[in-house]
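Here is the structure we will look at.
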Amino acid sequence: MSSKPRILVTRRWPEAVERVLAERFDGVLNESDVPMSADQLAKALRDFDAVLPTVSDRLPASLFDGGDIRAKILGNYGVGYNHIDVAAAKAANIAVTNTPGVLTDCTADIAMTLLLAVARRAGEGERQIRAGEWTGWRPTHMIGSKVTGKTLGIIGFGRIGKAMAKRCHFGFDMEVVFYNRSRVDAAEAARYGARQLGTVDEVLAIADFVSLHCPGGGENRHLINAERLAMMKKGAYLVNTARGDVVDEPALIEALKNGVIKGAGLDVFEAEPNVPEGLRALENVVLLPHLGSATEETRVAMGMKVVDNITAFFEGREPPDRVA
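Take 57 as the starting number for the sequence shown in this note's numbering and just add one per residue.
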């Protein structure tokens, strides 16, 4: 019988990481890569020493009810952990870790991709060509919005928010304003060509592009609602690479339909992988399938962070990225 901790990986991970997990632990992989049901996740908490979920696995309080839990750690593959009821995990004496830092640049790159794509109508243009509908260049065809020199508003000035500010200010000469829950030193903000405003509403009112980089869940759920969308400029664009629930999707659909704002670029959705038909039917929104961290380098680095966290835990050391 193996003396190695028994672990469950809820989805397929990069092969290089799965190899390391197999060497260090008594691991069970999800070979089919089919999402696990709530019942399967609840059973895993009772059958394994560690469960390694992803941001697409929901672990509400109900999964921890009833006792008889064997798991001692949830090694989350991702930075965000609002899909885990951390209080319920803590009450069940389960540690929770995440993978900060390693996906900063790639997520900011996707935010920049969305900003440029929606402003310059790249998605519409590509669809038109693929459909064989392009009739050639003309002066009034598919006019978009200039990006260089415009004002970027950032909500959440953590690692990714700062990386986005850096790209926009130094790469596209944009003025950058931001809202952050805590005060950011003015000299630190100035390193990214940014200045802090006092409220979300102040940022929305003056930004040509609004990019969301705040945590999901809690008080940030539907932070961007109908009222706040109406505060934005009529010609403004919204970019979300944070969490889907930060945006009220029905309100956004109405705002995009009715010209309250000009467009949106989304990499995250409230009920992934379900994307509302109302969004999919609109031309003035660019939709990506949660690609923020989707580079080989980043996904491997994320997996190795999980390996480091659970290795430390089972060796009796404090996991480097423990959040609960």
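In this text, a Cβ means the ideal position worked out from N, Cα and C, and glycines have one as well. Note that the structure is a prediction, hence the values are computed from the model and not measured.
Buried or exposed: where does His197 fall if 16 or more other Cβ atoms within 10 Å of its Cβ makes it buried? As a working mapping, residue 197 is identified with position 141 in the sequence shown. With fewer than 16 other Cβ atoms within 10 Å, it is exposed.
By DSSP, does Glu71 sit in helix, in strand, or in coil? Reading the sequence shown from its first residue, position 15 is the one you call residue 71. DSSP places Glu71 in helix when its eight states are reduced to three.
Once the 5 residues before and after Ala164 are set aside, which same chain residues still bring their CB inside 7 angstroms of it? Counting from one through the sequence shown, the residue named residue 164 turns up at place 108. Hits under 7 angstroms: Ile216, Ala219, Met220, Arg223.
Pull up the distance between the alpha-carbon of Ala72 and that of Val356, whole angstroms please. The sequence position of residue 72 within the sequence shown is 16, counting from 1. The sequence position of residue 356 within the sequence shown is 300, counting from 1. Rounded to the nearest angstrom, the two C-alpha atoms are 7 angstroms apart.
Separation of Arg80 from Val331, as counted between CA atoms: If you number the sequence shown from 1, residue 331 lands on position 275. If you number the sequence shown from 1, residue 80 lands on position 24. So the alpha carbons of these two residues sit roughly 38 angstroms apart.
Could you tell me which of Lys206, Ala175, Val65, Leu64 sits nearest to Val341, measuring between CA atoms? Here residue 341 is taken as the residue at index 285 of the sequence shown, counted from 1. Ranking the options by Cα distance to Val341, first place goes to Ala175.
Residues bridged to Gln96 by DSSP? Counting from one through the sequence shown, the residue named residue 96 turns up at place 40. Gln96 pairs with nothing; no bridge assigned.
Arg194 to Glu180 span [Cα, whole Å]: Locating residue 194 in the sequence shown gives position 138, counting from the first residue. Locating residue 180 in the sequence shown gives position 124, counting from the first residue. The straight-line gap from Cα to Cα measures roughly 16 angstroms.
Measure how close the beta-carbons of Val233 and Thr207 come, nearest whole angstrom, since I'm counting them as under 8 angstroms. The count along the sequence shown starts at 1 and reaches residue 233 at position 177. The count along the sequence shown starts at 1 and reaches residue 207 at position 151. Contact holds; Cβ gap of about 7 angstroms.
Looking only at C-alpha atoms, which of Ala106, Val76, Ala148 sits nearest to Thr66? Translated into the one-based positions of the sequence shown, residue 66 becomes position 10. When each option's Cα is compared against that of Thr66, the closest is Ala106.
If I'm right that Thr155 touches Ile129 with Cβ under 8 angstroms, what's the distance once you round it to whole angstroms? Taking the sequence shown and counting its residues from 1, one reaches residue 155 at position 99. Taking the sequence shown and counting its residues from 1, one reaches residue 129 at position 73. That pair is no contact at about 14 angstroms.
Cβ-based neighbour list, Trp190, same chain, cut-off 6 angstroms, excluding 5 preceding and 5 following: Against the sequence shown, residue 190 aligns to sequence position 134. Here the set comprises Gln184.
DSSP has Val152 in a bridge; who is on the other side? Counting from 1 along the sequence shown, the entry for residue 152 is found at position 96. Leu130, per the DSSP bridge assignment.
Spatial neighbours of Asp257 in its chain, beta-carbon cut-off 8 angstroms, leaving aside the 5 residues before and after: Looking up residue 257 in the sequence shown gives position 201. Cβ neighbours of Asp257 beyond the five flanking positions: Arg284, Met287.
Pull up the distance between the alpha-carbon of Ala311 and that of Leu343, whole angstroms please. Position 255 of the sequence shown, counted from the start, is the residue given in the question as residue 311. Position 287 of the sequence shown, counted from the start, is the residue given in the question as residue 343. Their backbone Cα atoms lie some 16 angstroms apart in a straight line.
Determine the extent of the beta strand (DSSP E) in which Val65 is found, giving its start and end residues. The count along the sequence shown starts at 1 and reaches residue 65 at position 9. It spans 62–65 - the beta strand (DSSP E) in which Val65 sits, taken as one unbroken run.
Which runs of the alpha helix (DSSP H) at least 4 residues long sit entirely within the segment 241–297? Give them in chain order. 242–246, 256–262, 282–287
Which residue's Cα is closest to the Cα of Arg68: Leu97, Phe325, Pro109, Ala94? For the purposes of this step, residue 68 is taken as the residue at position 12 of the sequence shown. Looking at the Cα atoms, Pro109 is the closest of the given residues.
Three-way DSSP call (helix, strand, coil) for Ala320 in this model: As a working note, residue 320 is residue 264 in the sequence shown. Strand, per DSSP.
Is the beta carbon of Val379 closer than 8 angstroms to that of Val142? Within the sequence shown, the letter at position 86 stands for residue 142. Within the sequence shown, the letter at position 323 stands for residue 379. Yes, they are a contact pair.
How big is the Cα-Cα spacing for Glu309 and Pro345? To locate residue 309, count along the sequence shown from 1; it is residue 253. To locate residue 345, count along the sequence shown from 1; it is residue 289. Here residue 309 is Ile; the residue named in the question, Glu, does not match the sequence. Between Ile309 and Pro345, the C-alpha separation is close to 18 angstroms.
Would you call the CB atoms of Thr351 and Val324 closer than 8 angstroms? Reading the sequence shown from its first residue, position 295 is the one you call residue 351. Reading the sequence shown from its first residue, position 268 is the one you call residue 324. No, Cβ-Cβ distance for Thr351 and Val324 is not below 8 angstroms.
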